[in-house]
Ligand code: TYD
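Residue numbers (our numbering): 4 to 209.
In structure tokens, the structure reads:
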């Protein structure tokens with residue numbers, strides 16, 4: 004049984020990554036999943052992590068809960084699918100923890116990466132697609148903040164974007180940056196080209 008390939012979408016809110024993850028999964032016949040909250044335990048953790056009621060969540064506690072969510076998700080969903088030969092498309096993964104908790108919350112990004120890597124049992128994506136859009140496009144798409152992390156402020160979100168771009172620059176073999184400002188169909192075509200080029204996978208029609 005050939006192992007499936009693991010493709011991750013990263014980016015800030017309003018970049019269209021959830022739409023693109025869903026479109027790609029459909030075209031590849033892949034398992035579609037997301038973080039935080041891709042398992043039953045994860046749904047509980049997601050509630051704690053994003054609820055406006057969790058005002059006093061310590062930054063390190065936030066990082067560890069994201070890692071706990073990931074550990075369960077890899078063990079229960081991602082790894083079994085890959086092992087059974089299915090491709091997996093995941094909306095956010097370790098790159099989000101490095102960007103949000105490492106750069107955004109000003110924790111040590113290398114430490115966050117190490118903790119997440121350990122939580123994930125050393126499973127790294129075959130390909131990460133980072134979608135970016137100009138700040139004003141993202142703002143127009145998302146409207147008012149919908150959760151605790153979205154409400155963290157413009158400086159926080161600028162650091163997050165820097166964190167994503169630095170990761171992409173550091174790992175050019177596995178990260179690709181795409182402009183997400185086009186229509187969903189236009190961006191999906193670019194995504195399909197990137198996946199075909201990088202992984203040699205045949206991406207079916209939309
Ligand atoms: P998500 O469900 O992808 O929401 P959105 O559609 O707004 O992108 O993610 C929820 C929030 O969790 C988002 O603000 C990013 C944040 N997050 C982290 O801070 N660290 C992480 O490791 C992950 C996976 C997400």
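C-beta: ideal position from N, C-alpha, C; glycine also.
Burial state of residue i, where buried means 16 or more other Cβ atoms lie within 10 Å
{"i": "residue 50", "result": "exposed"}
{"i": "residue 88", "result": "exposed"}
{"i": "residue 121", "result": "exposed"}
{"i": "residue 149", "result": "exposed"}
{"i": "residue 95", "result": "buried"}
{"i": "residue 98", "result": "buried"}
{"i": "residue 7", "result": "buried"}
Contact under 9 Å by Cβ, residue i with residue j
{"i": "residue 41", "j": "residue 93", "result": "yes"}
{"i": "residue 76", "j": "residue 45", "result": "yes"}
{"i": "residue 127", "j": "residue 12", "result": "no"}
{"i": "residue 63", "j": "residue 39", "result": "no"}
{"i": "residue 15", "j": "residue 141", "result": "yes"}
{"i": "residue 177", "j": "residue 110", "result": "no"}
{"i": "residue 60", "j": "residue 52", "result": "yes"}
For residue j and residue i, believed in contact at Cβ under 8 Å, the rounded distance
{"i": "residue 135", "j": "residue 180", "result": "6 Å"}
{"i": "residue 194", "j": "residue 132", "result": "6 Å"}
{"i": "residue 187", "j": "residue 22", "result": "5 Å"}
{"i": "residue 17", "j": "residue 144", "result": "4 Å"}
Distance, residue j Cα to residue i Cα
{"i": "residue 154", "j": "residue 124", "result": "31 Å"}
{"i": "residue 85", "j": "residue 164", "result": "29 Å"}
{"i": "residue 137", "j": "residue 159", "result": "16 Å"}
{"i": "residue 228", "j": "residue 70", "result": "Outside the displayed span of the chain (4 to 209) sits residue 228, for which this structure offers no information."}
{"i": "residue 66", "j": "residue 201", "result": "30 Å"}
{"i": "residue 173", "j": "residue 139", "result": "27 Å"}
{"i": "residue 32", "j": "residue 199", "result": "14 Å"}
{"i": "residue 5", "j": "residue 108", "result": "39 Å"}
{"i": "residue 175", "j": "residue 146", "result": "32 Å"}
{"i": "residue 170", "j": "residue 102", "result": "8 Å"}
{"i": "residue 204", "j": "residue 168", "result": "25 Å"}
{"i": "residue 156", "j": "residue 185", "result": "26 Å"}
{"i": "residue 78", "j": "residue 43", "result": "13 Å"}
{"i": "residue 104", "j": "residue 82", "result": "24 Å"}
6 Å CB neighbourhood of residue i in its chain, flanking five on each side removed
{"i": "residue 26", "result": "191"}
{"i": "residue 30", "result": "206, 207"}
{"i": "residue 217", "result": "With the chain running from 4 to 209 in the structure shown, residue 217 is simply not present."}
{"i": "residue 28", "result": "35, 92"}
{"i": "residue 100", "result": "69, 115, 119"}
Cβ shell of residue i (< 7 Å), same chain only, five flanking positions each side left out
{"i": "residue 106", "result": "112, 162, 163, 165, 166"}
Cut-off 8 Å between Cβ atoms - residues of its own chain near residue i, not counting five sequence neighbours on either side
{"i": "residue 54", "result": "150, 151"}
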